[in-house]
Amino acid sequence: MTATDATTRRHPAVDGDGYVTIEDISFAYAAGAPRILADVSLSLSRGEFFVLLGPSGCGKTTVLNQVAGFEFPTEGRMTVAGRPVTGPGPDRAVIFQGDDSLLGWLNVYGNVEFGLRVLGVKNPERQQRVRAALEMVELGGQAKKYPHELSGGMKQRVQIARALVTDAPILLMDEPFGALDAQTRTTLQDELARIWAATDRTVLFITHDISEAMILGDRIGIMTSGPEARLHDVIENPLPRPRERGGPDFGALYQDLERTVTTAKARRPGLDGEVGTR
16 MTATDATTRR HPAVDGDGYV TIEDISFAYA AGAPRILADV SLSLSRGEFF
66 VLLGPSGCGK TTVLNQVAGF EFPTEGRMTV AGRPVTGPGP DRAVIFQGDD
116 SLLGWLNVYG NVEFGLRVLG VKNPERQQRV RAALEMVELG GQAKKYPHEL
166 SGGMKQRVQI ARALVTDAPI LLMDEPFGAL DAQTRTTLQD ELARIWAATD
216 RTVLFITHDI SEAMILGDRI GIMTSGPEAR LHDVIENPLP RPRERGGPDF
266 GALYQDLERT VTTAKARRPG LDGEVGTR
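All residue numbers for the sequence shown refer to the working numbering, where the first residue is 16 and numbers rise by one.
(1) So, does the region 250-262 touch the region 83-101, judging by three or more C-beta pairs under 8 Å?
(2) From Leu79, Ala45, Leu195, pick the residue whose C-alpha is nearest to that of Gly167; which is it?
(3) Going by other Cβ atoms of all chains shown within 10 Å of its Cβ, with 16 needed for buried, is Ser58 buried or exposed?
(4) Please report the distance separating the alpha-carbon of Ala148 from that of Asn80.
(5) Quick one: residues in its chain with C-beta nearer than 7 Å to the C-beta of Thr222, no 5 flanking neighbours on either side, listed in chain order?
(6) Starting from the C-beta of Val136, find all residues in its chain whose C-beta is less than 8 Å away, skip the five residues before and the five after it, and write them out in chain order.
(7) Using the C-alpha atoms, what's the distance from Gln270 back to Val82?
(8) Starting from Ile237, follow the beta strand (DSSP E) in both directions and report where the run begins and ends.
(9) Beta-carbon separation of Lys11 and Leu117 under 8 Å?
(10) Provide the residue(s) that pair with Ala244 in DSSP beta bridges, ordered along the chain.
(11) Can you give me the C-alpha to C-alpha distance between Gly33 and Thr278, rounded to a whole angstrom?
(12) Would Ile9 pass as a contact of Ile175 if the rule is Cβ separation under 8 Å?
(13) Within 10 Å of its beta-carbon, does Glu164 have 16 or more other beta-carbons around it, so buried, or fewer, so exposed?
(14) Quick one: residues in its chain with C-beta nearer than 8 Å to the C-beta of Arg172, no 5 flanking neighbours on either side, listed in chain order?
(15) If Leu52 and Gly74 are in contact, beta carbons under 8 Å, what's the gap, nearest whole angstrom?
(16) Quick one, which of Glu140, Tyr124, Arg132 has its alpha-carbon nearest Glu150's?
(17) Rounding to the nearest angstrom, what Cα-Cα distance links Gly119 and Arg141 in this structure?
(18) From this set, Ile235, Ser226, Asp215, which residue's C-alpha is nearest Arg61's C-alpha?
(19) According to DSSP, simplified to helix, strand and coil, what is Pro162?
What follows is the structure in structure tokens.
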């Protein structure tokens, strides 16, 4: 089956197994204010890599913040493993863009270890988990370096290791590679795909980059522009793993996604359509 054939099959947002569910959520910062999100529904399967794709300012990060428990919907509800989301929890780890969340006074080892100390994990288990996480992101030889001594790509590896070490089954990633140069970004995309395959985490990944969505996602959800942003379409990614950039199937899928993103950006708030099923 070619990419073009496969992407004529559009999947409703409820196609996931319900491990993470977002049910008709809307969000506004104050009563009477314009809604940032409008009636967004989504279901993620356990172990799925789901990418939310859309232009800047379309509410992608707001969706992630709702799942993380940092914000709460004005309407609708969210569940993780059947339990309502009432705030942040140890079952969800968040990886942000940039390095602002790294602790400058701690070295790489200390930054990765920090969350385990907060959770009360004792040695030698803590030490074993930190070393395993650093090896997973290929930073085993950099444990004594401090954030100011690291490249942008290495800092993002530290953030990924810090999320992995907690054993949180869900990773929420908000454009983590957005500030990196193209070559480093490509390398880390491939590394993340490898890590995900080895750890079987459930990932919600935010991006505005179509190629990045194609390389990483099992399914790709496309947001409309805001205000009142909605989930315009959900596409199952037909490309086999490990994925290679280039080739006719890659190009066909890129063109299909580009057309869909363009249509979604042109949607009039509150007037056009629901999740695509064509």
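In this text, a Cβ means the ideal position worked out from N, Cα and C, and glycines have one as well.
Taking the structure as given:
(1) By the criterion of at least three beta-carbon pairs nearer than 8 Å, the region 250-262 is not in contact with the region 83-101.
(2) Leu195
(3) buried
(4) 25 Å
(5) Val66, Leu68, Glu190, Ala228
(6) Arg144
(7) A straight line joining the alpha-carbon of Val82 with that of Gln270 spans about 30 Å.
(8) 234-238
(9) Here the chain comprises residues numbered 16 to 293, so residue 11 is not present and cannot be evaluated.
(10) Leu52
(11) 28 Å
(12) Look at the range of the chain in this structure, 16 to 293, and you will see that residue 9 is not part of it.
(13) exposed
(14) Val152, Glu153, Leu154, Leu203, Glu206
(15) The Cβ separation is near 5 Å, so the contact holds.
(16) Tyr124
(17) 21 Å
(18) Asp215
(19) helix
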